[in-house]
Amino acid sequence: MIVLRSVLFNTAFYANLIIRLIVLAPIYFLLPRKKAYAIPKNWALSCHWLMERIVGTTFTIEGLENIPDGGYVLAPKHQSFWDTYALLPWLDDPVYILKRELMWIPFFGWYAAKQRMIPVDRGAKGAAMAAVMKRTALEMQNGRQLIIYPEGTRRPPGAEPSYKYGIARIYRDLQVPVVPVAMQPGLFWPRRSTMRYPGHFKVRILPPIMPGLDPDTFYETLVAQLEAASDTLLIETAADNPQVPLPPEARKRLAELAAKG
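With this note's numbering applied, the sequence shown covers 182 to 442.
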């Protein structure tokens with residue numbers, strides 16, 4: 182049954198995406214940029230509805246009161262494709278730094294360009310990266326929310342931390358609050374897998390780390406806070422969802438946490 186539900190959800194998910202990209206394009210491109218953002222946000226909500234109805238997966242967001250006004254950096258854990266879009270409906274005007282190749286995809290790239298997403302060559306250095314940061318700072322001055330995954334790529338639940346120091350440079354250069362976000366969606370929508378599992382999990386938005394720390398102190402603070410919150414949620418989520426198969430990394434981390442008492 183879980184296999185069938187997974188197939189049905191994956192089919193509905195991508196059909197929902199493709200149909201909306203094409204059918205709603207005339208409305209999207211005629212609307213002013215910020216008003217047009219309602220279309221991707223509504224798509225995200227529809228994906229949550231599909232996952233609840235077809236798979237039986239739900240979630241709760243805690244800590245929305247920790248989101249500051251104006252521009253800030255949102256720094257979530259990155260485990261799944263789910264967390265690339267899941268929080269869009271709760272953000273005012275988010276912006277991503279994304280691989281430039283994604284901008285070349287028909288419709289998706291056009292949608293991203295209208296929202297002034299910031300393309301980057303992952304091999305870029307020096308002047309090219311300086312230009313990206315200048316563009317990012319400009320968007321932040323307009324009160325937008327930059328979404329950055331501190332570990333850079335998707336990691337399995339419970340995996341050893343692998344944070345990139347680039348988040349500390351962004352914190353130093355942009356001088357805006359950084360909001361850590363802990364969650365465990367990878368237990369229900371695993372990376373590199375077509376399986377989707379029913380259950381319930383929490384997204385925990387932590388208090389913002391305000392500007393003013395030196396980069397090393399900020400980096401250590403971010404890692405400590407995000408990993409502690411992630412460990413807590415891993416314990417809670419595994420206990421509340423015994424039906425969900427745990428990846429090896431999660432089983433190992435839970436054993437380590439149990440040994441610590």
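The beta-carbon is built from N, C-alpha and C at its ideal position, and this holds for glycine as well.
Identify the residues that DSSP records as bridge partners of residue i: which are they?
i: Thr-238; result: Gly-380
i: Pro-300; result: Leu-279
i: Met-364; result: Val-384
i: Val-359; result: Val-254, Ile-390
Tell me the rounded alpha-carbon separation between residue i and residue j.
i: Ala-293; j: Met-364; result: 25 Å
i: Val-188; j: Met-182; result: 10 Å
i: Leu-403; j: Val-360; result: 9 Å
i: Met-310; j: Leu-272; result: 26 Å
i: Leu-226; j: Gln-326; result: 19 Å
i: Leu-427; j: Ala-419; result: 8 Å
i: Asn-197; j: Gly-251; result: 31 Å
i: Gly-324; j: Pro-275; result: 9 Å
i: Glu-401; j: Ile-203; result: 44 Å
i: Arg-201; j: Trp-224; result: 8 Å
i: Pro-392; j: Arg-372; result: 33 Å
i: Arg-181; j: Pro-270; result: Any property of residue 181 remains undetermined from this structure, which presents the chain solely from 182 to 442.
i: Ala-436; j: Asp-421; result: 17 Å
i: Lys-345; j: Phe-210; result: 35 Å
i: Tyr-266; j: Leu-205; result: 18 Å
i: Pro-342; j: Leu-255; result: 18 Å
In the DSSP assignment, find the alpha helix (DSSP H) that holds residue i and state where it starts and stops.
i: Ala-340; result: No alpha helix (DSSP H) contains Ala-340, which DSSP labels as neither H nor E.
i: Pro-396; result: 396-421
i: Tyr-346; result: No alpha helix (DSSP H) holds Tyr-346; DSSP gives it neither H nor E.
i: Leu-185; result: 183-204
i: Trp-291; result: 289-295
i: Leu-268; result: Element bounds for Leu-268: n/a, residue is neither H nor E.
i: Pro-429; result: 429-441
Q: Count the C-beta pairs between the region 372-381 and the region 398-409 that are closer than 8 Å, then say yes if the count reaches three, no if not.
A: Because the criterion of three Cβ pairs below 8 Å is not met, the region 372-381 and the region 398-409 do not touch.
Q. Going along the chain, which unbroken runs of the beta strand (DSSP E) with 3 or more residues stay wholly within the region 310-338?
A. As far as the region 310-338 is concerned, its whole beta strand (DSSP E) runs of at least 3 residues are 326-328.
Q: Ignoring anything shorter than 4 residues or poking outside the region 208-263, list the alpha helix (DSSP H) runs there in chain order.
A: If one requires a minimum length of 4 residues, the alpha helix (DSSP H) runs lying completely within the region 208-263 are 214-217, 219-231, in chain order.
Q.
I'd like to know if the region 333-343 and the region 211-230 are in contact, where contact means that at least 3 CB-CB pairs between them fall below 8 Å.
A. Touching, no, given that fewer than three Cβ pairs across the two stretches are closer than 8 Å.
Q) Are three or more beta carbon pairs between the region 209-227 and the region 240-259 nearer than 8 Å? A) These segments do not touch.
Q.
Closer than 8 Å is the cut-off here; do at least three beta carbon pairs connect the region 386-402 with the region 243-262?
A. By the criterion of at least three beta-carbon pairs nearer than 8 Å, the region 386-402 is in contact with the region 243-262.
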